[in-house]
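Novice: Here the protein sequences line up with chains U and X, keeping their order. Under numbering that gives the first Met the number 0, the first sequence has 111 at position 112, and the numbering climbs by one with no breaks. Under numbering that gives the first Met the number 0, the second sequence has 111 at position 112, and the numbering climbs by one with no breaks. Ideal placement from N, C-alpha and C gives every residue a C-beta, glycine not left out.
Protein chains: 2
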Amino acid sequence: MLTKKGKYGLKALVDLARLAPGETAFVSEIALRNNIPKKFLDTILLELRNAGILRSKKGPGGGYALSQPASAIRIGHAIRVLDGPLAPIRCASRTAYEACDDCADPETCQVRRSMTEVRDAIAAILDTMTLEQFVAAPGAAGLVEEDEPVKKIVGR
Amino acid sequence: MLTKKGKYGLKALVDLARLAPGETAFVSEIALRNNIPKKFLDTILLELRNAGILRSKKGPGGGYALSQPASAIRIGHAIRVLDGPLAPIRCASRTAYEACDDCADPETCQVRRSMTEVRDAIAAILDTMTLEQFVAAPGAAGLVEEDEPVKKIVGR
DNA sequence: ACGTTAGACCACCAAATCTATAGACTATTG
DNA sequence: CAATAGTCTATAGATTTGGTGGTCTAACGT
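#1: In this structure, how does DSSP classify Ala16(U) when only helix, strand and coil are distinguished?
#2: Tell me the DSSP bridge mates of Leu53(X)?
#3: Under a CB-based cut-off of 9 Å, is Glu131(X) close to chain U?
#4: List the residues that DSSP assigns as beta-bridge partners of Thr129(U).
#5: Counting only Cβ-Cβ distances shorter than 7 Å, please list the residues of the segment 48-60 of chain U near chain X, keeping chain order.
#6: State the DSSP-derived secondary structure class of Ala11(U), mapped to helix, strand or coil.
#7: Have a look at Glu97(X) and Glu131(X) and give me their C-alpha separation to the nearest angstrom.
#8: May I ask you to report which of helix, strand or coil DSSP gives Ala95(U)?
#9: May I ask you to list the residues that DSSP assigns as paired with Ala24(X)?
#10: Relative to the alpha-carbon of Asp104(U), which residue among Asn49(X), Arg93(X), Asn33(X) has its alpha-carbon at the smallest distance?
#11: Would you mind sorting Thr115(X) into buried or exposed? The rule is 16 or more other CB atoms within 10 Å of its CB.
#12: Please report the straight-line C-alpha distance between Ala69(X) and Gly62(X), rounded to a whole angstrom.
#13: Between Ile29(U) and the rest of its own chain, which residues show a CB-CB distance below 6 Å, the 5 nearest in sequence each way excluded?
#14: Kindly say whether Leu26(U), judged by its beta-carbon, lies nearer than 9 Å to any beta-carbon of chain X.
#15: Determine, using beta-carbon pairs with one atom in the segment 32-49 of chain U and one in the segment 85-97 of chain U, whether at least three such pairs fall under 8 Å.
#16: Should Val110(U) be flagged as near chain X, meaning a C-beta pair shorter than 9 Å?
#17: Looking only at its chain, what residues have a beta carbon closer than 6 Å to the beta carbon of Ser55(X), apart from the 5 residues adjacent to it on each side?
#18: What does a CB cutoff of less than 6 Å around Ile88(X) pick up in its chain, not counting 5 residues either side in sequence?
#19: For Ala120(X), return the contacting residues in chain U, with the cut-off set at a CB-CB distance below 7 Å.
#20: Between which residues of its own chain and Phe25(U) is the CB-CB distance below 6 Å, once the five residues before and five after are set aside?
#21: Note down, in chain order, each residue of its chain lying with its Cβ closer than 7 Å to the Cβ of Ile43(X), except the 5 sequence neighbours on either side.
#22: Within its chain, find whatever has a CB closer than 6 Å to the CB of Ala71(X); leave out the 5 residues flanking it on each side and keep chain order.
#23: Tell me whether Leu65(U) is buried or exposed, calling it buried when 16 or more other Cβ atoms sit within 10 Å of its Cβ.
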């Protein structure tokens, strides 16, 4: 499950990715633009910063910005930071494997096998997709219902 | 996330699928064979029964059995019954869509777009896989214990 | 230089929900 | 009657989703 934390984090990343290079944004701005509780966003951005995905500056004129170009940030990474492993079950995770206590033999566990398959499918998408693609998406990717002329968030 | 409920349920289904046709099993048997707390399994099997996946009979000589051949039971269905929608986020679900309250326009939400992609990938696996295949798997299916040269990203 | 102040940062708190059980009782059937 | 499914209630613990209230750092005006 993608929790609200993960979701808010992704929305914030999208927001930041839309900034002009070098520009920064305040937590309060991002919160306002995306309907995210400011304080909650505080802790989310902090985690992303500690993970090296964002950088921040204090004081007047400070704010948050991506620490790398959007093309270098993988969605899967951000989600792992905020919500933990992608695998639907721990014993199917490659980055955070942990045996179940109720399974005698993990090698023959059908549940684990199938969930590993699912995990790989998820990872194939999320670890491949960059923030750049993620932001670019309008119309490009698989999901297009109708016209939708984008809707840019310009100034503040 | 696949919760323990979902996991236990799947294990129980595997157990039942291995029975000879016409044969039934007691909750206590299944619980014992799979290291599942009996009482918890009670409620799980009940839900699977109410969903039409299992049938049960009370009294001596009673027990649980699949209500259909294993080849007709889809894993995705069982998981939805026990753990809810497959989609990592509600607004990306096709079977249980629900708009987020913080999103002005679901159509342009990048998070939703990408998660819909993920959902489709998950569903493609889980809604295709039958209990029969699930049980058959030993060694055959996609999971190799060694390093995985797998990782294929087929298009979307 | 120096205080003001914007805004990041930090620590603890708390309600709500979800998870994973347990216990006791009821209903059904051979 | 005895075995076994089914039902109801409760609950401890974890997780999620925030909130409160402050501390720290650095730019800016004077």
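Specialist: Inspection of the coordinates gives the following:
#1: helix
#2: Leu65(X)
#3: no
#4: Arg73(U)
#5: none
#6: helix
#7: 32 Å
#8: coil
#9: Tyr63(X)
#10: Asn33(X)
#11: buried
#12: 17 Å
#13: Ala11, Asp14
#14: A small correction: the amino acid at residue 26(U) is Val; Leu does not occupy that position in the sequence shown. No - not a single Cβ of chain X is within 9 Å of the one on Val26(U).
#15: no
#16: yes
#17: Arg48, Tyr63
#18: Met114
#19: Ala120, Ile121, Ile124
#20: Gly62
#21: Lys4, Tyr7, Gly8, Ala11, Leu81
#22: none
#23: buried
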